[in-house]
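Every number in my numbering is 1171 more than the matching position in the sequence shown, counting from 1.
Glycine included, C-beta positions come from ideal geometry on N, C-alpha and C.
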Amino acid sequence: MPGACAKVLIVLGATCAVNAQVQRPGPLPTLPLTQLDERAQAADLDNRTFSLTFAQPVAVKDLLLLLVRGTSLSLVPDPAVGGTFIGELKNVTVRQALRLILAPMGLDYAVEGTVVRVFRREPETRIFDVNYIATERTGASMIGSDASAASSTRVSTTTQSDLFAELAAGVRTLLSERATFNVDRKAGLLQVTDFAERLDRVASYLEAVQDRVHRQVQIDARVVEVELNDEKAAALDWRVLKAQLTADQTEAQRAAPSLTGMRVTDVDKLLTLLAAHGKVVTLSAPRLVTLNNETAIVRTEAITVSVTPQIAPDSGVMLSVTPMLKTPAIVESDVLARVADGETLIMPGFTHDREVRERKNVGTTGGWFGRGTVVTRKRVELVILLTPRIL
1172 MPGACAKVLI VLGATCAVNA QVQRPGPLPT LPLTQLDERA QAADLDNRTF
1222 SLTFAQPVAV KDLLLLLVRG TSLSLVPDPA VGGTFIGELK NVTVRQALRL
1272 ILAPMGLDYA VEGTVVRVFR REPETRIFDV NYIATERTGA SMIGSDASAA
1322 SSTRVSTTTQ SDLFAELAAG VRTLLSERAT FNVDRKAGLL QVTDFAERLD
1372 RVASYLEAVQ DRVHRQVQID ARVVEVELND EKAAALDWRV LKAQLTADQT
1422 EAQRAAPSLT GMRVTDVDKL LTLLAAHGKV VTLSAPRLVT LNNETAIVRT
1472 EAITVSVTPQ IAPDSGVMLS VTPMLKTPAI VESDVLARVA DGETLIMPGF
1522 THDREVRERK NVGTTGGWFG RGTVVTRKRV ELVILLTPRI L
């Protein structure tokens, strides 16, 4: 008996020793479980490639289970998921296969840890700000002879601006067939319901549009009258003036440049050169600020000028200019010209005659009879200077 008890005690002692080791384990290093999960997820979704061929229709649910077989991924399809797949997948990852199979069927997936959920895509609703004045602007100019005449020539220019209508037309081309949208002009909001990738396109489009329509252009306009010293001159010789501005004396012998495309950067030098040819008077020198593609108007007693700037991607400015001279006779034109930011567009050629009455000494060969009024005719040219600056 004593021997037997000794054996039992030894066994119990051994058992207690083992239990003691289990109850008091040694310190173990902390494992970064999140990092391990991410690495496993990335490896299963992106690092394995495979090829599959289905010449006959296969149920999508069966195909999805096949994709995750042999991986640590679990797949849970929504009960509404259905349909079949026919095709061939070569050297694709699990992530690529999911996109290729699900997107054409209106399905999508989400990954939560190692669980892949597959579900039918549903439209989302987003509300976008449209920060613009809810107005429609319409401008029209008509240039030409009297329409009642037997033979007439007429050019008509119409400008219509309705940003909200144009936005609606642009957004409509970006949406799917299931999409709906509504434009609230008064609140300046655009509500769109569609799939996420379509909504992202709408957001990019609106950002590009608002970046352009909110850009501003400052236009320094100046209407100058030059009363020519040379009574026999029909107008200013712009070939000579351009040669003097560019300091290129051979320019005067070349073909005459297009006056509507003449541009300068030194306005003060131009005015100095004009003063050498006659008396220079500035009729108007307003500074205008307008939005991109919006019309601004300069009006004096003699002339009215409407100008619409359009900012190009390379920071150039396209100017649509319609000057209309009122007196002594109606003269109209319509010009489309391109200038650099800060460059000055010159529009000359508006000439007319003016009677000038001056008090001068009047005498004869026999003596002096006092002062009298002498009437002479002067040639006058109006010059329009437009300098756009992008703000």
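First and last residue of the uninterrupted beta strand (DSSP E) at residue i
i: residue 1467; result: 1467 to 1470
i: residue 1300; result: 1295 to 1300
i: residue 1261; result: 1255 to 1263
i: residue 1458; result: 1458 to 1462
i: residue 1511; result: 1506 to 1511
i: residue 1440; result: Premise fails: residue 1440 lies in the alpha helix (DSSP H), 1438 to 1446, not in any beta strand (DSSP E).
i: residue 1450; result: 1449 to 1455
i: residue 1350; result: From DSSP, residue 1350 is part of no beta strand (DSSP E); its letter is neither H nor E.
i: residue 1221; result: 1221 to 1230
i: residue 1338; result: Per DSSP, residue 1338 belongs to no beta strand (DSSP E); it is in the alpha helix (DSSP H), 1334 to 1343.
i: residue 1283; result: 1278 to 1283
i: residue 1489; result: 1487 to 1496
Status (buried if at least 16 other CB within 10 Å, exposed otherwise) for residue i
i: residue 1215; result: buried
i: residue 1558; result: buried
i: residue 1464; result: buried
i: residue 1544; result: exposed
i: residue 1515; result: buried
i: residue 1287; result: buried
i: residue 1425; result: Model confidence at residue 1425 stands at a pLDDT of 45, short of 50, so the residue's coordinates are unreliable; what they give is reported in the following sentence. The residue in question, residue 1425, is exposed, as its Cβ has fewer than 16 Cβ neighbours within 10 Å.
i: residue 1365; result: buried
i: residue 1484; result: exposed
i: residue 1452; result: exposed
i: residue 1413; result: buried
i: residue 1369; result: buried
i: residue 1172; result: Confidence at residue 1172 is low in this model, with a pLDDT of 42, below 50, so the placement of that residue should be treated as unreliable; the coordinate-derived value is given next. Residue 1172 should be labelled exposed.
i: residue 1304; result: exposed
i: residue 1527; result: exposed
i: residue 1347; result: exposed
i: residue 1318; result: Here the model assigns residue 1318 a pLDDT of 48, short of 50, so the residue's position is not dependable and the matter cannot be decided.
Beta-carbon proximity check, residue i vs residue j, cutoff 7 Å
i: residue 1459; j: residue 1467; result: yes
i: residue 1523; j: residue 1546; result: no
i: residue 1229; j: residue 1254; result: no
i: residue 1291; j: residue 1251; result: yes
i: residue 1496; j: residue 1521; result: yes
i: residue 1449; j: residue 1416; result: no
i: residue 1234; j: residue 1246; result: no
i: residue 1339; j: residue 1354; result: yes
i: residue 1156; j: residue 1243; result: Lying before the first or after the last residue shown, residue 1156 is absent from the chain, which here runs from 1172 to 1562.
i: residue 1454; j: residue 1396; result: yes
Residue closest to residue i, alpha-carbon to alpha-carbon, out of the options
i: residue 1345; options: 1355, 1376, 1487, 1358; result: 1376
i: residue 1164; options: 1479, 1336, 1241, 1220; result: A question about residue 1164 goes unanswered here, because the residues of the chain that appear run from 1172 up to 1562.
i: residue 1410; options: 1519, 1379, 1488; result: 1519
i: residue 1374; options: 1390, 1257, 1342, 1359; result: 1342
i: residue 1144; options: 1264, 1492, 1279; result: Outside the shown range of the chain (1172 to 1562) lies residue 1144, about which nothing can therefore be said.
i: residue 1478; options: 1371, 1556, 1263; result: 1556
i: residue 1302; options: 1275, 1273, 1283, 1335; result: 1335
Boundaries (first-last residue) of the alpha helix (DSSP H) holding residue i
i: residue 1252; result: That residue, residue 1252, is in no alpha helix (DSSP H); it is neither H nor E in DSSP.
Q: Can you check the stretch 1377 to 1420 for any alpha helix (DSSP H) of at least 4 residues that lies completely inside it and give the ranges in chain order?
A: Scanning the stretch 1377 to 1420 from its first residue to its last, the whole alpha helix (DSSP H) runs of 4-plus residues come out as 1409 to 1417.
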